[in-house]
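> Encoded as structure tokens, here's the structure I'll be asking about.
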Amino acid sequence: MTTPISTPQRPARPAGRDGFAQLLRAEWTKFRTVRGWVVGMIVAALVMVLVGLFAAGSSHIGCGRPGSPARSGRACLPHIPIGPGGEVVTDSFYFVHQPLAGHGSITVRVTALTGLYASGNSPVGQGPVGQGPLAGMKPGLQPWSKAGLIIKENTRQGSAYAAIMVTGGHGVRMQYDYTHDLAGRPGAVSAAAPRWLRLTRAGDTITGSESADGRRWTRLGTADLPGLSATVQAGLFTASPQHEVTSPFFGGSSSQGGASLATAAFDHVGTSGRWPRSGWTGAVIGGGISGSYPVRGGGYHQAGGRLVVTGSGDIAPVVVGPGAAFPTATIEEHLVGAFAGLIAVVVVATMFITAEYRRGLIRTTLAASPRRGRVLAAKALVIGPVAFVAGLAAAVVALLLGARLARNQGAYVLPVSWLTEVRVVAGTAALLAVAAVLALALGAVLRRSAAAVTVAIVTIVLPYILAVASVLPVGAADWLLRLTPAAAFAIQQSTPRYPQVTALYSPSGGYFPLAPWAGFAVLCGYAAVALGLAVYLLRRRDA
Amino acid sequence: MSHPLPAARAALPQAARGEWAGLRGALCAEWTKLRTVPGTIWLLVATIAATVAVSAAATAATSCPPGIACAVDTAKLSLTGVEFGQAVVAILAVLAISTEYSTGMIRTTLTAVPRRSAVLAAKAAIVGGLVLAAGTIGVAGSLLAGRLILPGRGFTAARGFRVLSLADGPVLRAAAGSVLYLALIALLSLGIAASVRDSAAAIGVVLGLLYLAPIIAAVVAGNPHWQQRIERYAPMNAGLAIQATTGLHSLPISPWGGLGVLAAWAAAALLAGGLLLRLRDA
Chain A
1 MTTPISTPQR PARPAGRDGF AQLLRAEWTK FRTVRGWVVG MIVAALVMVL VGLFAAGSSH
61 IGCGRPGSPA RSGRACLPHI PIGPGGEVVT DSFYFVHQPL AGHGSITVRV TALTGLYASG
121 NSPVGQGPVG QGPLAGMKPG LQPWSKAGLI IKENTRQGSA YAAIMVTGGH GVRMQYDYTH
181 DLAGRPGAVS AAAPRWLRLT RAGDTITGSE SADGRRWTRL GTADLPGLSA TVQAGLFTAS
241 PQHEVTSPFF GGSSSQGGAS LATAAFDHVG TSGRWPRSGW TGAVIGGGIS GSYPVRGGGY
301 HQAGGRLVVT GSGDIAPVVV GPGAAFPTAT IEEHLVGAFA GLIAVVVVAT MFITAEYRRG
361 LIRTTLAASP RRGRVLAAKA LVIGPVAFVA GLAAAVVALL LGARLARNQG AYVLPVSWLT
421 EVRVVAGTAA LLAVAAVLAL ALGAVLRRSA AAVTVAIVTI VLPYILAVAS VLPVGAADWL
481 LRLTPAAAFA IQQSTPRYPQ VTALYSPSGG YFPLAPWAGF AVLCGYAAVA LGLAVYLLRR
541 RDA
Chain B
1001 MSHPLPAARA ALPQAARGEW AGLRGALCAE WTKLRTVPGT IWLLVATIAA TVAVSAAATA
1061 ATSCPPGIAC AVDTAKLSLT GVEFGQAVVA ILAVLAISTE YSTGMIRTTL TAVPRRSAVL
1121 AAKAAIVGGL VLAAGTIGVA GSLLAGRLIL PGRGFTAARG FRVLSLADGP VLRAAAGSVL
1181 YLALIALLSL GIAASVRDSA AAIGVVLGLL YLAPIIAAVV AGNPHWQQRI ERYAPMNAGL
1241 AIQATTGLHS LPISPWGGLG VLAAWAAAAL LAGGLLLRLR DA
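Protein chains in written order, with my numbering: chain A, 1 to 543; chain B, 1001 to 1282.
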């Protein structure tokens, strides 16, 4: 009010200039100078962090065995083997091995694979770990019961390996370093239809081959194990993962499990290369509770040229699920606050356009910049990056503090590669940015803030709730997360699905039906369509 | 427009005499306001359509294949749409107040009816009544859809699933409770809108309050203690306990107790809204 009345002469601007940079600056000024919107974005970041910390902090874990003092927090953190790729792994099996120095190969014929399992409601399944009586176990193989040849760095859990095997329900497979799985000849093994398996080591490369008759061989695949020691442990193995029954209903979490055993019969064992003359050594690798479920020992029996090996457990990545024997947390659990942040971001982004209609400012805006499509583009380019920055800052803080908090509470935060971590964090921020653009477009289409905010929140958040926390069966939940904008939360999934591990991969367990970027693309598609419609209507309608 | 409004006109002189007459006038005024805005009828129709459509879709998407024990609460399943319909109800209730603030109408309203609590009470009565009516149709339609669809999806009487019928005590309770649930959501939204005033912010607060709790409850599943607290005291989780017809003994909160929690939320919101309406300048 105290400024002099004579306005200083501004440097002359070219008449009629409405450069995009100027438009961007105008929109940025609008955003920056409305206190409620700036506060709204800060609130979005804060609630995102706070909700994430609440989720991480509320998971107080207690542990301890009967007869020993109860422990809690960090003392409960289990020792879980880590594979060569940095992922947590299950590495429990019965290993009949010899050291192999340098190059060499091993060949074997498998004539039988049979199994026993404890169903979840029989006491054996939950009974003491170890080689208890087999009473109460039912005969039957698990789909991923496996037996065959393995070459392994050493007998420590989590070391590098390559294996070729027959399985209970998936034919011959070659697997290496826990996450890799190659399919070979399908069908079950029997005395009438035996399988010949061969592993050959040359340097860091291990080649797996299979044959039906021992004469005509098919190369199944090669595994590159960089830095493999000169002397490795090689031999025969048998493993059998937990028996699992899952129902596709109510979160799909009614899984019943019990330990299982598999027994394989081998003969025609042949070796080439430098093997010791001492003969075979049998050992349980990783007894006790291993990875995610109890393991029941094993053993082997040699008679003539015939070897019978019994084992339990699995050689595979750990898949988190309702059946996990130890409390785990995924990094995305600390980002659950993104839902709260999203709601605040949607409110601000909607107001960014609807407030112009309410105040009549839209007419001034359009008079200043008659090319209406560019106005909307400028608004999107302001609100999107603002939401991204707020989301990124909140996600980084929530993840750092959340992971520390969860660890202190005794939850095992599943390790992921830094690339995955970057994808989850940046993806969460990008999700907020695209949701803001979607909300902006809806606001321009509907012009009413209440309706636009509701449509945005209901289409992004409600399908997730219906999929994760409602009575819908897994199949319907999967479809919801394929078709609706809620699919974008797949970008937060840090642990992949592994076809070689039987588990319930349901939305309520944190597994989305679409790949991370595909899910994110669904939201982008919705935002693009809404923005296109908004531009069209902004041009066609009177403001 | 040239028709006189006898009720409203008669109410004016009485307003000075009796409190109830003043409330009657306020009721009339609110009814006229809400009735003559074109959005109201569309939102009511949308509430019904959203509830029935989502319920029918959820029911049709669920099937009970032979040989599997299906642990499905069919009444709750066929009322899934209430989770969606409540969002439309929230819009209706929020707009009943926030549009007055955005257009400046609130000053006219408060000039005509200076007792501010009467204004809020009248709005609550009218919006609540309308939502009860629309909710009844929506819930009845959802149950009808469930009744028609469920037997074809494997939920047959032969497998222990009774045909949905209001003659069944728990189903009647779930249905009537769902209607009340929607009305309480309207009151909760109204109270929040009276406090927040801005429609976008108010609807954001309402939907955040409703929808965030189930997500957080799913994440803290590792801690039954906190999960149970959320299931008991969050408005949507507690309120929807009224829809359960099976496994009642394992519910974190009893059906009517849950609806009571939601009623407490709604009462608290209305109280806060009423206080702020009295204390602040319009």
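By construction, the Cβ of each residue, glycine as well, lies at the ideal position given by its N, Cα and C atoms.
For N1237 (chain B), I'd like the list of residues in its chain whose CB is within less than 7 angstroms of its CB, leaving aside the five on either flank, ordered along the chain.
Once the five neighbours on either side are set aside, the close Cβ partners of N1237 (chain B) are A1213, P1214, A1217, I1230, E1231.
> Please compile the residues from chain B whose C-beta is within a distance smaller than 8 angstroms of the C-beta of A436 (chain A).
Under a criterion of Cβ atoms nearer than 8 angstroms, no residue of chain B is adjacent to A436 (chain A); the nearest Cβ is some 13 angstroms distant.
> In the DSSP output, which residue or residues are listed as bridge partners for P139 (chain A)?
A:L116
> What residues of chain B sit near L414 (chain A), judged by a beta carbon separation below 7 angstroms?
By Cβ distance, chain B contributes nothing, its closest Cβ being about 13 angstroms from L414 (chain A), past 7 angstroms.
> Could you tell me which chain B residues have their CB closer than 8 angstroms to the CB of Y464 (chain A), listed as they occur along the chain?
In chain order: I1215.
> Of all the options A:V49, A:A456, A:H243, which has the alpha carbon lying nearest to the alpha carbon of D314 (chain A)?
A:H243
> Can you give me the Cβ contacts of G282 (chain A) inside the same chain, cut-off strictly under 6 angstroms, excluding the 5 residues immediately before and after it?
V96, Y300
> Hey, is P473 (chain A)'s beta-carbon within less than 7 angstroms of any beta-carbon in chain B?
yes
> Per DSSP, which residues does D91 (chain A) bridge with? Please list them.
A:I315
> Take A147 (chain A) as the anchor and find which of A:V389, A:S159, A:F520, A:A188 has the nearest alpha-carbon.
A:A188
> Can you list, in chain order, the residues of the stretch 1250-1265 of chain B whose Cβ is nearer than 9 angstroms to any Cβ on chain A?
Of all residues in the stretch 1250-1265 of chain B, none has a Cβ within less than 9 angstroms of some Cβ in chain A.
> Based on the DSSP output, what are the partners of I164 (chain A) in its beta bridges?
A:L149, A:M174
> Can you round the beta-carbon distance between R219 (chain A) and T207 (chain A) to whole angstroms, since I take them to be within the 8 angstroms contact cut?
6 angstroms
> Can you give me, in chain order, the residues of the stretch 345-367 of chain A that have a beta carbon less than 9 angstroms from any beta carbon in chain B?
V346, V347, V348, T350, M351, T354, A355, R358
> I want to verify the contact list: residues of chain A whose CB lies under 9 angstroms from the CB of L1034 (chain B), in sequence order.
What L1034 (chain B) touches in chain A: nothing, since even the nearest Cβ is about 15 angstroms away.
> Distance check for A435 (chain A) and V396 (chain A), CA to CA, integer angstroms please.
19 angstroms
> Provide the residue(s) that pair with Q233 (chain A) in DSSP beta bridges, ordered along the chain.
A:P99, A:K152
> If you count every other CB in all the chains shown that lies within 10 Å of the CB of A1157 (chain B), and 16 or more means buried, which is it?
It is exposed - the Cβ of A1157 (chain B) has fewer than 16 other Cβ atoms within 10 Å.
> Can you find a CB in chain A that lies within less than 7 angstroms of the CB of S1102 (chain B)?
By this cut-off, S1102 (chain B) is an interface position.
> In the DSSP assignment, what residue or residues form a beta bridge with F266 (chain A)?
A:V110, A:L307
> Between the Cα of I150 (chain A) and the Cα atoms of A:G341, A:G273, A:A239, A:L504, which residue gives the shortest distance?
Measuring from the Cα of I150 (chain A), the nearest candidate turns out to be A:A239.
> State buried or exposed for P226 (chain A), treating a residue as buried only when at least 16 other CB atoms are found within 10 Å of its CB.
exposed
> On the criterion of 16 or more Cβ atoms from any shown chain inside 10 Å, does Y536 (chain A) qualify as buried, or is it exposed?
exposed
> Is any beta-carbon of chain B found at less than 7 angstroms from that of E333 (chain A)?
yes
> What separation, rounded to the nearest whole angstrom, lies between the Cα atoms of L236 (chain A) and P496 (chain A)?
Whole-angstrom Cα-Cα distance: 29 angstroms.
> Could you name the residues of the same chain whose beta carbon sits closer than 6 angstroms to that of P485 (chain A), not counting the 5 residues immediately before and after it, in chain order?
If the five residues before and after P485 (chain A) are omitted, its C-beta is found closer than 6 angstroms to the C-beta atoms of T459, I460, L523, Y526, all from its own chain and listed in chain order.
> Among A:G36, A:G83, A:L46, which residue has its Cα nearest to the Cα of A393 (chain A)?
The alpha carbon of A393 (chain A) has as its nearest neighbour, out of A:G36, A:G83, A:L46, the alpha carbon of A:L46.
> What number of angstroms, rounded off, separates the C-alpha of G83 (chain A) from the C-alpha of A118 (chain A)?
28 angstroms
> Could you give the residue range of the alpha helix (DSSP H) that holds I331 (chain A)?
From DSSP, I331 (chain A) is part of no alpha helix (DSSP H); its letter is neither H nor E.
> Identify the contact partners of T454 (chain A) in chain B, using a Cβ-Cβ distance below 8 angstroms as the criterion.
A1087, V1088, A1090, I1091, I1203, L1207
> So I491 (chain A) contacts chain B; which residues on that side make the cut at Cβ distance below 7 angstroms?
In chain order: nothing, as chain B lies at least about 16 angstroms away.
> So that I know if they touch, is there some Cβ in chain A lying closer than 7 angstroms to that of S1142 (chain B)?
no
> Could you name the residues of chain A that F1161 (chain B) contacts, counting a contact when the two beta carbons are closer than 7 angstroms?
Within chain A, no residue comes near F1161 (chain B); the closest Cβ sits about 13 angstroms away, beyond 7 angstroms.
> Specify whether the stretch 346-355 of chain A and the stretch 434-449 of chain A touch according to this definition: at least 3 beta carbon pairs, one from each stretch, less than 8 angstroms apart.
yes
> List the residues of chain B that S508 (chain A) touches, going by C-beta distances under 7 angstroms, in chain order.
A1218
> Just verifying my parser: in three-state terms, what is the DSSP assignment at S1189 (chain B)?
helix
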